[in-house]
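FYI, the working numbering numbers position 126 of the sequence shown as 122, with every residue one higher than the one before it.
We treat Cβ as the ideally placed atom computed from N, Cα and C, and that holds for glycine.
Right, one structure below, let's go through it.
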Amino acid sequence: MESHVTHAIEAKQQQVEALMRLAPVIPVVIIDDVKAAVTMARALVAGGIPTIEVTLRTTAALDAIRAIAAEVEGAVVGCGTALTARDLAAATQAGARFAVSPGSSPHLLDAADDSELPLLPGVATASEAMALLERGYRHLKLFPAVPVGGAKLLAAWASPLPQLRFCPTGGIALASAPEFLALPNVLCVGGSWLTPADRLAAGDWAGIERLAREAAALR
Ligand code: 3PG
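Below, the structure is given as structure tokens:
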């Protein structure tokens, strides 16, 4: 089993751990208008949230990553919803510093082995977590966190799977984040509540900065 754990994966795992420790929340962003990307990212950084996951669900996503990487000092921008080798390559080319996926398919993991981009892969079961551990992954996203069991599930995994550290994402909000962040195997949580579609559409950057500030104060 250990022979599968390459030096390269361990180096990327350390990068993932470092970015998971940058702030208590990784905002999950669905952006439709690339023109909003830089201002939005500056508002998040100003509020104390440097790590930003831009999901590859919109046509604007790659350009948004490119703009944030080039123009927003202090931001660590990555891609979310990475499903394929092509996604990893495109995100790397755009300047992403990390990738997040909702699951952990063998093809994506093979592509991640060949990519310089650190991957935070998603799991929903102990078997998926064990399969990733066999490949050298100790830092995982629990997805969708609340529907699959939430904080109770993570607390139950802490004893049999003590090597693993999680970024639970999916169904978490400001009020429920502390319950997750109090767990010994949680380094941060992910969530879309910092960049709601209505505030993005309205250009409410002060409001987004306020949401970021509240999130940053969670730890
Ligand atoms: C998503 O799939 O959009 C993320 O998991 C965020 O989930 P949330 O909107 O429940 O925070």
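Boundaries for G146: no beta strand (DSSP E) harbours it, while the alpha helix (DSSP H) harbouring it runs G146 to A154, taken from the DSSP string.
DSSP places L136 in the strand class (E or B) of the three-state scheme. A straight-line Cα-Cα distance of about 14 angstroms links G70 and E205.
Burial check for E49: the Cβ neighbour count within 10 Å reaches 16 or more, so the residue is buried. Taking H135 as reference, the option from L84, A33, R53 and C184 with the minimal CA-CA separation is C184.
Per DSSP, reduced to three states, the secondary structure at V119 is strand. Looking at M16, T54 and L18, the one whose alpha-carbon comes closest to that of V30 is T54.
Nearest in C-alpha terms to R215, of all of L196, V182, V25 and P192, is V182. In this structure, I168 has its CB closer than 7 angstroms to one or more heavy atoms of the ligand 3PG. Counting only residues of its own chain and dropping the five nearest sequence neighbours on each side, A56 has a CB closer than 7 angstroms to the CB of I27, D28, D29 and V30. Here the distance from the Cβ of V119 to the nearest heavy atom of the ligand 3PG is not below 7 angstroms.
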